[in-house]
Every structure is written in C-alpha cells, then in structure tokens.
Amino acid sequence: MSFPLPEETPLSQPYWHALRQGRLTFQRCRKCRHAWLPPRAECPECLAAEWGRSGVRVNAVSPGYTLTPALQSAIDKGQRDVSLLNENSALGRMVSTEEVARAVCFLASEDASAITGANLPVDCGWLVTPSWHTYGGLRPARR
Ligand SMILES: [Zn+2]
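Right, here's the structure in full:
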C-alpha cells in the first residue's frame, strides 16, 4: 500500500530535502522567528494577530506519533518498535488518526469560536515528558 506524499512546495522544499538526507530541519516564522516543524512561513500566533480583525481565526494542531496505516504497517513488519514509541508519552500510547481529526474539527467548530492563535498538541503527552527524564522517567500508573 502506498500513500500520497505531501506536495513539495518552495516553502517546504528545504524540509523535504533535509529529510531525504536523514536530517530534521526547522523553519522559523518570518515575523517572530519561532521554530516550527513541519515548516511554516508564519506561525498561528502571528497569523491570528494579522487576521483576527477580519474575522479569521488561525489555529494549529501538532500531532504526536500517530498510528497511521503506514506506521501500523511498519510495526507489523517489525520495522518500528511500538514500545519505544509509547514509552515517551505521558499516556503511554500513540495518537489515533481519529483523535487528530476530532481536534481539528473542534478548533474549526463554533465551540472554539473564541480560540485563535493556538497550537494544540495532540500527542498523548509526548511534549511534556522530556523533563521527567531528569528525575528518572515517568512515574508508573497510579491505582
Ligand atoms: Zn510567528
């Protein structure tokens, strides 16, 4: 099974070029210089400030390791160790594609009508775990 790749644009070309070389690269917002991966010419905060008075809300969703069909296939083939992927998330699992979609739908809905300039991590707590490694790792589940 193959999946379509995102279209390579002049904006994303440096990102895809670096990925082909086995490197990750970040791109900085042209206005505030905040670093983003994948590349964005401008960040949600800057775009929200620019477009808010025109009635446009700008938000972003940043998924963590998402159990896509491609990732499931790699796990099934033994190419990815699911325990390593789950180990570093606060919830101990990966994100489902449905959870990413629900976050996008929420931000686009009237329930989020007062939210703009947000970057919503949908990552099962992957971003919050690195500081815990300083203290010996995440705590075991509490019962
Ligand atoms: Zn910015």
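Under this note's numbering, the residue at position 90 of the sequence shown is numbered 109, and the numbers go up by one with no gaps.
We put the CB at the ideal spot given by N, CA and C, even for glycine.
Is it buried or exposed for S150, if we count other Cβ within 10 angstroms and need 16 for buried?
Burial call: exposed.
If you draw a straight line from the C-alpha of A137 to the C-alpha of C65, how long is it?
Taking the straight line from one Cα to the other gives about 10 Å.
Mapping DSSP to helix, strand and coil, what is Q16?
Residue 16 lies beyond the stretch modelled for the chain, which goes from 20 to 162, so this question has no answer here.
What residue range does the beta strand (DSSP E) around P29 cover?
No beta strand (DSSP E) contains P29, which DSSP labels as neither H nor E.
Identify which residue in S132, P159, N107, M113 has its Cα closest to the Cα of V141.
Ranking S132, P159, N107, M113 by Cα distance to V141 puts M113 first.
Would you say the beta carbon of H53 comes nearer than 6 Å to a heavy atom of ligand 1?
H53 Cβ: within cutoff of ligand 1.
I'd like the ranges of any beta strand (DSSP E) spanning at least 3 consecutive residues and lying wholly in the region 57–139.
79–82, all fully within the region 57–139.
Within its chain, find whatever has a CB closer than 7 Å to the CB of G71; leave out the 5 residues flanking it on each side and keep chain order.
Cβ within range, chain order: T135.
Would you identify the three-state DSSP class for W151, choosing helix, strand or coil?
Residue state, collapsed to three classes: helix.
Sorted by chain position, which residues of the same chain lie with C-beta nearer than 7 Å to E27's C-beta, five sequence neighbours on each side aside?
So the qualifying residues of the chain are W35.
Examine ligand 1 and report whether any of its heavy atoms sits within less than 6 Å of the Cβ of K96.
False, no ligand heavy atom lies under 6 Å from that Cβ.
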